[in-house]
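Accompanying notes for the structure given below.
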Amino acid sequence: MLATIVLGAAQSPRGVASSAIAGHLVATSLAILGGAFLANYISEKLVGYLGSVLFLVFVVATLFGVFKPSFIEEKTKSRSSKMPFKSG
Numbered sequence: 001m002l003a004t005i006v007l008g009a010a011q012s013p014r015g016v017a018s019s020a021i022a023g024h025l026v027a028t029s030l031a032i033l034g035g036a037f038l039a040n041y042i043s044e045k046l047v048g049y050l051g052s053v054l055f056l057v058f059v060v061a062t063l064f065g066v067f068k069p070s071f072i073e074e075k076t077k078s079r080s081s082k083m084p085f086k087s088g
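Read in the numbering used here, the sequence shown has 31 at position 31, and its numbers run on one by one without any break.
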């Protein structure tokens, strides 16, 4: 989304908007067709259970700090290099 805003500011807003709409149309169409295909083989109940388990896996991984954005690590490094003493 941010790239679309930046491109709209730098390029033709109509071209960027039409390209974004076309890209969204293709992505949504593939998702619908893929979902319809998988619905023949996987029950809704199984999809619900798999989604729940995957959600819990991401919760646990986030709690243990597996997903740390790189900009947070960079801020921490730059702050610690400016400190006159080391903590810990």
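Glycine is no exception: its CB is placed at the ideal position from the N, C-alpha and C atoms.
Residue 115 in three-state terms, based on DSSP
As shown, the chain starts at 1 and ends at 88. That puts residue 115 outside it, with no answer to give.
Using 8 Å for Cβ pairs, my map puts residue 89 next to residue 61. What's the rounded Cβ distance?
There is simply no residue 89 to check, as the chain begins at 1 and stops at 88 in what is shown.
Going straight from the alpha carbon of residue 57 to that of residue 21, what length do you get?
Translated into the one-based positions of the sequence shown, residue 57 becomes position 57. Translated into the one-based positions of the sequence shown, residue 21 becomes position 21. Answer to the nearest angstrom: the Cα atoms are 33 Å apart.
Alpha carbon to alpha carbon, how far is residue 39 from residue 31?
Taking the first residue of the sequence shown as 1, we reach residue 39 at position 39. Taking the first residue of the sequence shown as 1, we reach residue 31 at position 31. Straight across, the Cα-Cα distance linking residue 39 with residue 31 is about 12 Å.
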